[in-house]
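The next block holds one structure in the form of structure tokens; read it before the comments.
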Amino acid sequence: RGAIAFVPHGNNTQGYEPQRAIDGNTQTQWYEPALRPLVVRFPCPTPFDQYSFFTASDAPERDPVQWRLEGSNDRGLSWANLHRVSLDHPTPYERYKLLDRWFRVPQCWWTNAPNNEQVCRSTEEL
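For the sequence shown, my numbering assigns the number 415 to the last residue and increments by one with no breaks.
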């Protein structure tokens, strides 16, 4: 709620703007022809422990098959890997289809330790 989506240094294709990736409407879609990353910024720290996505209405060849999910606790100055799919995922060919699974991530906050290492702090510590 209140999150914004954008593509740093990206061009917004009319009708396929980044905000459509998080609008909750499975009939809209986001498309970034240069394959730049989608950034979702929340107004306050927001824990989550899983994610998924729907395939779009067209162009199955543009569906993601490899990706990574990163998190930042310093407004995007540094990023930590939360989940990575490095082998081709069998994204469904059917359109408007929810992926066959939810991808789990550790429910934690990534914070910088004094030595600049990324540390996962459990949500129970908050």
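Backbone N, C-alpha and C define an ideal beta-carbon position, used for all residues, glycine too.
Give the DSSP-derived three-state secondary structure of residue i in the structure shown.
i, result
"A310", "helix"
"R357", "strand"
"R351", "helix"
"Q339", "strand"
"N362", "coil"
"F331", "coil"
Take the Cβ of residue i as the centre, count every other Cβ of all protein chains shown within 10 Å, and call the residue buried at 16 or more, exposed below.
i, result
"A292", "exposed"
"Q316", "exposed"
"P307", "buried"
I'd like the list of long-range same chain contacts for residue i, defined as Cβ closer than 8 Å, with 5 residues on each side in sequence excluded.
i, result
"D377", "V354 and Q355"
"S361", "S367, W368, A369 and W399"
Which same chain residues, not among the five before or five after residue i, have their C-beta less than 6 Å away from its C-beta?
i, result
"F331", "A292"
"V374", "Q355 and W356"
"E321", "V296 and G299"
For my contact list, residue i and residue j are in at a C-beta cut-off of 8 Å; report their separation, rounded to the angstrom.
i, j, result
"I311", "V329", "6 Å"
Could you pull out every residue in the same chain whose Cβ sits closer than 7 Å to the Cβ of residue i, ignoring the five residues on either side in sequence?
i, result
"N370", "R357 and E359"
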